[in-house]
Amino acid sequence: MKGVFPPRMVGLCLALTAALLLGARFAGFSVEANGDQQVDLATGVTTLPRGGTLTDNRNGLRLVAPYIQYKDGEFIRARQAQFNTGDTRFNALELDYQLKGETVRLKGLTVSSPDFSSISAQDGLALLGENRLVLSGDIRSQAPQLKAGKMVVDTQSRQALVIGAYTFQDGANRLSGNRADSLLLLSFQSGKTQVTTRVAAEVLARLRPFADKL
Amino acid sequence: MYGLVTKTLLLGLILAGWAHAQESPLETESCAERPVVLETPQGLIGGGILDYDGDTAVFSEGACLETTGLSLRAPEIRYLQAEGALELKNLEAQTARYRFRAREGVVKGKTFEARGIWLTPCRCGEDLLTVSETARFNLETGDLLLDEATVELFHLPVLRSEELLLDRQTLSTPGGLASIFGLSQKGSAASDSMVKISGLLSPLRIGYERGLVLGVEELPVPIVPGDLRQGTFGLTLIASGLGGRFFGDLQAEKITFGVGMIREGKSGSFRMAAGQDGLHFRSRVEDGPLFFSNDTDKQLAEAGVRLGLAWGRLSLNPFVRLAQEDVNMDNPSPNHPVVTGMTLGAEARYPLIHQDGAFRFRLEPWAVGAVYDRESPPYLAFGGLVEGRYDGEFSLRLSYKQGWEVRPSRFAYERRQPTQSVSVGLMVPKSRWGSLNLQASYDFYDVQTKASLRYGFPIEAGELWLEGRSRIEAGLDWQQGELLVGFIPNPLDCTYSFSLTPTLGYDFVRQGFSRAGLEVRYADCCFIWKVGYQTVFIPQNKDEKVGGRFSFGLELR
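In order, the protein sequences belong to chains A and B.
At position 32 of the first sequence the residue is numbered 32 (my numbering), and the sequence of numbers has no breaks.
So my numbering is basically just the index in the second sequence, starting at one, shifted up by 1000.
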């Protein structure tokens, strides 16, 4: 029989962690435009109306999008953006990366990797300075199949708090919480997934407030 | 023998309780509605809290498990992921009809093993209780094996069984054990003309009629002790008319002993009655087409073969029979002469059925013919049945049957007496306006009309009913004109409550009360106790006699 929480769950957390590390690293990049590059001299904002590719060769990162707007040291905005970092790929319908505030807002987000097929959500908010990732709205993953409404990930402590009704399905096993105020804390430690619905007050105080930011 | 009877009866009560448990859902919130739910191949586990350390998932705060044939609750359920096993401690199950507790239990694969079993069909208390050290429940087949089981009645051990194996069919077939032990709604042994008291514990006979009646009738006893799957045989042991001599009725005292068994198309029964008038034996054995029987009261001894053949609608039963019997089998007497000999005959039937929606039409001609080994001339009888039915919002039945015989037969076995009758029936099922049942028939040979009309009116506490019965013979001679009135209370739901079921009959022909009856039912935690008394003041047919009949019944709540 398969486990309730199979090792793939750990992969899911690693991928989410990678998303934040990626953001933190995306600093110095080269630009390859598909067409014109429009530079607004008054604001300093560069627009690639036909898109292009931003590459950070040092970290092996690539952002490809059909529409990109950026301002050095301040923000990167893109539509239908595709990040690639090694094996992990991130897609977002809209991406708004505020380099100063160290936040990345994502809409229509999908993260995929060979370790696990993909996880998607309507909205995502990465708080890079605080090592938090908030996912909201129709969160879904494949293998294990996860369905949830809201999730806060703390990449430093390697914990994820699922808020509201959720289901996990892996093979013949299916775990579900069916209350609007259901809580499920996943902790990823030394290759094992620990799960509890009994969330300590300290952990709740550390994670729960971030859910309201999205 | 008394001990065995008591034990088996009590065991039946316990098992019937288990059977109820199989059928009834949990009264409280279902396990699937708990805050956290894990569905696994072993079943559904729920709880208020889940803790999982990477190896073991622990459900607590109202943990529950639902799996095939089992619904359990426990303070804590541990799911050992590597072993695929579930561990439960201090588990309990409660349904509408039964409560179960165990000190600990493990579900692994398709087996649930429990230790420290406590099982009672009582709604409160534990007047009737089974305790067992271990139990194994096969989740796939539903077999339940209890080891070292003890049945306690009012905290007194009344039965110990080393091993008791029960299968799901025995336990949960509608009416299965419950009906075997007479715990379902079932008429008592009251004759047709009496107002029936329902729900008596049918194998148990406690009552008063020409003296005290005490014993069991057709009590199912496992052939292999403790294992009902191997079949049962029916045991009858009744002492009747006890104390009748004090009322001058010496003939009433009688002891009846009997055993009967049905298994794989074979059946056998033997019954012996001993009284002041001597010994009476009755037995019958059937094995496929072969049959043997005897009955000392009818001076009957017979052996024969009867085959069942069919070609399409036509059914044909050829038979050969060697017999001796009383010349008047309808009214036998040891003083009568007997007839003996061999018969070779056959019975044929050809039913034609046409159904169109709620309408059904049936036409069934039949014929019986026989030849004998000696001087009796051949016998021939034939006839038919025509019946029309409507079974919709109400049921209406109209039938006519007629039969002729060319000459009297030598034996009663093949005899089909001439008949000619017409009958009608109308049934309107229960509604807010009440229920109606009309039955009427006219017999052309006996020149007799019979009719009965029953109307039941539902009220909050139960059903009030009125029934008129009449029988008119040739020359407009009213033999019966009886009006019965009674009340059937709703089934007892509350503990420590009682209800009354009264019946009263009035004979308009003879101008007087014909019968009266009262049944008192009392419900405690475990049982419904019934005490009934019925008395006939004016007999309404030849089977009834003036006198009272006391009955006692016990039913599992």
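Heads up, the beta-carbon is just placed ideally off N, CA and C, and yes, glycines get one too.
Item	Value
Excluding five sequence neighbours on each side, which residues of the same chain lie with their C-beta closer than 6 Å to the C-beta of B:Pro-1157?	Thr-1150
Can you confirm whether A:Gly-177, when its beta carbon is compared against all beta carbons of chain B, has any partner nearer than 7 Å?	yes
May I have the straight-line CA-CA distance separating B:Phe-1508 from B:Phe-1457, to the nearest angstrom?	23 Å
In three-state DSSP terms, what is B:Asp-1330?	coil
Would you call the CB atoms of B:Gln-1448 and B:Glu-1482 closer than 7 Å?	no
Going along the chain, which residues of its own chain have a beta-carbon closer than 8 Å to the beta-carbon of A:Val-45, five neighbours each way excluded?	Val-39, Gln-69, Tyr-70 and Lys-71
For B:Glu-1140, would you say it is in contact with chain A, using Cβ-to-Cβ distances shorter than 7 Å as the test?	no
Where DSSP assigns a beta bridge to B:Thr-1040, which residues make up the other side?	B:Gly-1043
Rounding to the nearest angstrom, what Cα-Cα distance links B:Trp-1465 and B:Gly-1244 in this structure?	35 Å
Whole angstroms is fine: what's the gap from B:Pro-1334's alpha carbon to B:Gln-1299's?	7 Å
What does a CB cutoff of less than 6 Å around B:Leu-974 pick up in its chain, not counting 5 residues either side in sequence?	In the structure as shown, chain B begins at 1001 and stops at 1557. Residue 974 of chain B is therefore absent and cannot be evaluated.
Please go through the same chain and pick out, in chain order, the residues whose beta-carbon is closer than 6 Å to the beta-carbon of B:Met-1342, but skip the five residues on each side of it.	Leu-1322 and Asp-1373
Could you compute how far the alpha carbon of A:Val-203 sits from the alpha carbon of A:Ala-121?	23 Å
Out of B:Gly-1486, B:Ile-1262 and B:Thr-1120, state which residue places its alpha-carbon closest to the alpha-carbon of B:Ile-988.	No answer is possible for residue 988 of chain B: it lies beyond the span of chain B, which begins at 1001 and ends at 1557.
Might you give, ordered along the chain, the residues of its own chain that have their beta carbon closer than 7 Å to the beta carbon of B:Asp-1295, omitting 5 neighbours on each side?	Arg-1282
Please report how far the alpha carbon of A:Arg-89 lies from the alpha carbon of A:Ile-119, in whole angstroms.	11 Å
In three-state terms, what does DSSP make of B:Cys-1064?	strand
Measuring CB to CB, does A:Asp-154 end up less than 7 Å from A:Leu-207?	yes
Which of the three DSSP states, helix, strand or coil, is assigned to B:Phe-1154?	coil
Cutting at 6 Å between CB atoms, please list the residues of its own chain near B:Tyr-1350, excluding the five before and the five after it.	Arg-1313, Leu-1314 and Pro-1365
So B:Val-1305 packs on B:Phe-1319, CB below 8 Å; how close in whole Å?	7 Å
Counting only beta-carbon separations shorter than 7 Å, does B:Ile-1077 have a partner in chain A?	no
Less than 7 Å between the beta carbons of B:Thr-1535 and B:Gly-1553, yes or no?	no
Can you give me the start and stop residues for the alpha helix (DSSP H) that A:Leu-214 sits inside?	Taken as a continuous stretch (DSSP letters only), A:Leu-214 belongs to no alpha helix (DSSP H), as it is neither H nor E.
Going by beta carbon distance, what residues of the same chain come within less than 6 Å of B:Gly-1241, once the five residues before and after it are set aside?	Arg-1210, Gly-1211, Ala-1252, Glu-1253 and Lys-1254
Let me know if B:Ala-1310 comes out buried or exposed under the rule of 16 or more other beta-carbons within 10 Å of its beta-carbon.	exposed
Is it right to say A:Thr-193 is buried, meaning 16 or more other beta carbons lie within 10 angstroms of its own, or is it exposed?	buried
Closest Cβ-Cβ distance between B:Val-1037 and chain D: below 7 Å?	Here chain D cannot be found, since the structure's protein chains are A and B.
At 7 Å on the CB atoms, spell out the chain A contacts of B:Ile-1049, in chain order.	Thr-197 and Arg-198
Is the shortest distance between the beta-carbon of A:Ser-150 and the beta-carbons of chain B less than 7 Å?	Contrary to the premise, residue 150 of chain A reads as Lys rather than Ser in this sequence. Chain B, which has no Cβ nearer than 7 Å to the Cβ of A:Lys-150, makes this no.
Given a threshold of 16 other Cβ atoms within 10 Å of its Cβ, counted over all protein chains shown, does A:Leu-52 qualify as buried or as exposed?	In the sequence as presented, Leu is not what sits at residue 52 of chain A; that position holds Gly. The residue in question, A:Gly-52, is buried, as its Cβ has 16 or more Cβ neighbours within 10 Å.
Taking the alpha helix (DSSP H) that A:Leu-207 falls in, what are its first and last residues?	201-207
Going along the chain, which residues of its own chain have a beta-carbon closer than 7 Å to the beta-carbon of B:Asn-1138, five neighbours each way excluded?	Lys-1110 and Thr-1111
What are the uninterrupted segments assigned as beta strand (DSSP E) that are 3 or more residues long and contained completely in the stretch 160-189 of chain A, given in chain order?	173-177 and 183-189
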